[in-house]
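Chemist:
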Amino acid sequence: MLDFLSRRLAAALVTLVLATVVVFAVVEVLPGDPALVMLGTDARPDTLAAVRAQYGFDQPLTVRYLHWIGGLLSFDLGNSHAYGTSVARLIGDRLAVTLPLGALALSWALLVAIPLGVFAAWTHGTAGDWGVMGFTQIGISIPNFWFGIVLVLAFAVTWRIFPAGGFPGWRQDPAGSIYALVLPALSLSLGEIAILTRVTRSAMLDTLREDYVRTARAKGAPESTVLFRHALRNALIPVTTVAGLIAGFLIAGAVIIESVFRLPGVGQLVYDSINNRDLIVIKNVVILFTILVLVVNLLVDLAYVVLDPRPRVAS
Amino acid sequence: MSAFLARARRHVGFQIGAVLLLLFVGTALVSVFWTPYPVDELAMRFKLRPSSPEHWLGTDHLGRDVLSRIMVGAQTSITVGLIAVVLGMTVGVTLGAWAAARGGWVDEALSRTSDLIFAFPAVLIAILITSVLGASARNAILAIAIFNIPVFARVTRGASLAMWSRDFVRAATAMGRGPIGITLRHVLPNIMSVLIVQATIQFAVAILAEAGLSYLGLGAQPPVPSWGRMLRDAQTYIFQAPELALWPGLAVALAVLGLNMLGDGLRDLLDPRLRLMRVG
């Protein structure tokens, strides 16, 4: 098992190193002169030179790359060009909005998707199954940011139950902050509900065909015991895997949702940084998200080992 | 072909998908020649009007006809989506077929590279690319195309590997045909149905991505109408003209739904193994 995990960890590290090279190449090499991107083509030569010196753009590529990696390792990500403050603190503050948003969306998605998927598998081939599958088809086709706008139309414009956007801040108003995350989390979870429902349904269909389920039924176990104790427990293994994969992408999807609801999260930071051409912030946010995705994938592998004894034996 | 049509006639999902796709493509084609109003005609006196017999879907914040703009927006969606998928597919299929034919280090390098691209959240990289290269429809196409490459490379590799172990391909190898000849004559024609299904699904994904990018202001730039940008503008006026925020999103959802249903339908109709499973 240790062998299995250390191999996974090594693979993740290699991916991470390659990812830093790619991000560095896109942000600092592809545009030619990063200072020109940050200041615009009408910038004066002396301000350009000053910015180049300030961010070290005048140094050789390898020096710049190693300097950035060194900074990443010591959590010193430099200062934002637009905000003038430390990038690490900037991102840290914004994560306080984005992480709860992602967690809320994922919990809500699991809460809805697992029962729906079990129901669809249980009523396989009947109207109930068709209804759930139709819903998932619609769920993956609707852009989540538009669903967010529709939710605003319904619950903020028409009925005025929830705010149309904005975020009061955890310290100022904790209850209001949770309240402000409800609509964004709902819109973020729509596509995930659709995907997780399908995964749960097909995993349940697989396990319901297994011999031990037939044995349990033959022994006269109640249907609920068969469904939840025997079938669902094993069906949860692929569901966990996909939920983990989704978790990373939920956070990326938050970029658009935070923009819809004007939430001061990491997504909004990315959006503002694009408009401010703040390459320093963009580069670090992208790599931090990549690290997050890799860590989540590692955790999924770990959960996999705990839930399913087979890989443990195999390794 | 007639057997395919006979089966298609019984597949409701496929039919709904086909009708929606025809509607989508038809709207874009008609809009090339005709729209109810000139697409950029400003009429500030009539701004933010609700649906009416003159303006079926109302007018936007500059008094422009929303229906006309949605019709032309279909062109933008199709252009960006189609070019991105065709680009990604061309490169991806070539790489995937090469990896399957060659094996060894080529295969290993390709698999690791696609793992790397999959580790990045796609939206973020698209944002990164468009923010560095500048916001434009062309750069949005590029960003979406890059993410289609590993998808097609993986699918092609997997399906091609299965073909390479089949007897008729082995026979062709024994007859002295080279890897390129076999790939073009035997492998690719036999995995075409898998690629068509994947392309349909990827087209749907690309349209969603285009809408998201242009909502963030990173897609097609004004005055070119795009559904995502229309939603962004509509949101500003959501309290004065709530309907405005409905139509462009509905257009995206219907186009994507149509392609997804068509893709699922095609998979059922073209993949004989699934068909057998359903019968049995």
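Line order of the protein sequences matches chains A and B. If you read the first sequence in our numbering, its first letter stands for residue 13, the second for the next number, and so on. If you read the second sequence in our numbering, its first letter stands for residue 351, the second for the next number, and so on. From the three backbone atoms N, C-alpha and C, an ideal C-beta is built for every residue, glycine too. Computed from a predicted model, the values in this text were never measured in an experiment.
1. Any Cβ of chain B within less than 7 Å of the Cβ of valine 267 of chain A?
2. Identify the continuous alpha helix (DSSP H) that holds glutamate 560 of chain B and give its terminal residues.
3. Using C-beta distances below 8 Å, list every residue in its chain close to proline 500 of chain B, excluding the 5 sequence neighbours before and after it, in chain order.
4. From the DSSP output, read off the bridge partner residues of aspartate 415 of chain B.
5. So tyrosine 67 of chain A is in the alpha helix (DSSP H); what residue range does that whole segment cover?
6. Could you confirm whether any beta carbon from chain A is found closer than 7 Å to the beta carbon of serine 402 of chain B?
7. Assuming the contact rule is C-beta atoms closer than 8 Å, valine 416 of chain B and glutamate 560 of chain B should be a hit. Round their C-beta distance to whole Å, please.
8. For leucine 121 of chain A, which of A:Gly203, A:Pro155 and A:Ala166 has the nearest alpha-carbon?
9. Tell me, which residues are paired with asparagine 91 of chain A by DSSP?
10. Report all residues from its chain with a CB closer than 6 Å to the CB of alanine 639 of chain B; omit the five preceding and five following residues, and keep chain order.
11. At a Cβ cut of 7 Å, what residues of the region 193–208 of chain A count as close to chain B, listed as they run along the chain?
12. Could you give the DSSP three-state label for histidine 136 of chain A: helix, strand or coil?
13. Can you pull out the residues from the region 131–156 of chain A whose beta carbon lies closer than 7 Å to at least one beta carbon of chain B?
14. Please state if the CB of alanine 605 of chain B and the CB of alanine 557 of chain B are separated by a distance shorter than 7 Å.
15. Against chain A, which members of the region 469–483 of chain B pass a CB distance test of less than 9 Å?
16. Would a C-beta distance cut-off of 7 Å place glycine 277 of chain A and valine 109 of chain A closer than the cut-off?
17. Chain B beta carbons: is any one of them nearer than 7 Å to that of leucine 51 of chain A?
18. Kindly indicate if chain A contains any beta-carbon less than 7 Å away from that of isoleucine 546 of chain B.
19. For the putative contact between alanine 485 of chain B and glutamine 571 of chain B, defined by C-beta atoms under 8 Å, what is the C-beta separation to the nearest angstrom?
20. Could you check whether the Cβ of tryptophan 80 of chain A sits closer than 7 Å to any Cβ belonging to chain B?
21. Assign arginine 582 of chain B to one of three DSSP states: helix, strand, or coil.
22. Flag isoleucine 286 of chain A as yes if its beta-carbon sits less than 7 Å from any beta-carbon of chain B, otherwise no.
23. Report the residue from B:Tyr587, B:Trp577 and B:Gly608 whose alpha carbon sits nearest the alpha carbon of valine 422 of chain B.
24. Does the separation of the CB atoms of valine 35 of chain A and isoleucine 299 of chain A fall below 7 Å?
25. Can you list, in chain order, the residues of its chain with a C-beta nearer than 7 Å to that of leucine 538 of chain B? Leave out the 5 residues immediately preceding and following it.
26. Cα separation between threonine 135 of chain A and aspartate 141 of chain A?
27. For arginine 213 of chain A, does the count of other Cβ atoms within 10 angstroms reach 16, so buried, or fall short, so exposed?
28. Taking 7 Å as the CB-CB limit, is phenylalanine 261 of chain A close to chain B?
29. What number of angstroms, rounded off, separates the C-alpha of arginine 229 of chain A from the C-alpha of threonine 138 of chain A?
30. For threonine 27 of chain A, tell me which candidate among A:Thr302, A:Ala315 and A:Leu311 has the shortest Cα-Cα distance.
31. Rounded C-beta distance between isoleucine 361 of chain A and isoleucine 207 of chain A? I'm assuming under 8 Å.
32. Any idea what DSSP makes of proline 403 of chain B, helix, strand or coil?
33. Measuring straight from C-alpha to C-alpha, what distance separates aspartate 517 of chain B and valine 473 of chain B?
Modeler: Quick look at the numbers:
1. yes
2. 538–565
3. Gly442, Thr463, Ser464, Ile467 and Phe468
4. B:Thr409
5. 57–67
6. no
7. Contact doesn't hold; Cβ gap of about 19 Å is too wide.
8. Here residue 121 of chain A turns out to be alanine, not leucine, going by the sequence shown. With distances taken between Cα atoms, alanine 121 of chain A lies closest to A:Gly203.
9. A:Ser98
10. This structure gives no information on residue 639 of chain B, because the portion of chain B shown stretches from 351 to 630.
11. none
12. coil
13. Gln149, Ile150, Ile152, Ser153, Ile154 and Pro155
14. The amino acid occupying residue 557 of chain B in the given sequence is isoleucine; alanine does not appear at that position. Going by C-beta atoms, isoleucine 557 of chain B is nearer than 7 Å to alanine 605 of chain B.
15. Ala469, Phe470, Pro471, Ala472, Val473, Leu474, Ile475, Ile477, Leu478, Ile479, Thr480, Ser481, Val482 and Leu483
16. yes
17. no
18. no
19. 6 Å
20. no
21. helix
22. yes
23. B:Trp577
24. yes
25. Ala447
26. 6 Å
27. buried
28. yes
29. 21 Å
30. A:Thr302
31. Since the first residue of chain A shown is 13 and the last is 327, residue 361 of chain A is not available in this structure.
32. coil
33. 42 Å
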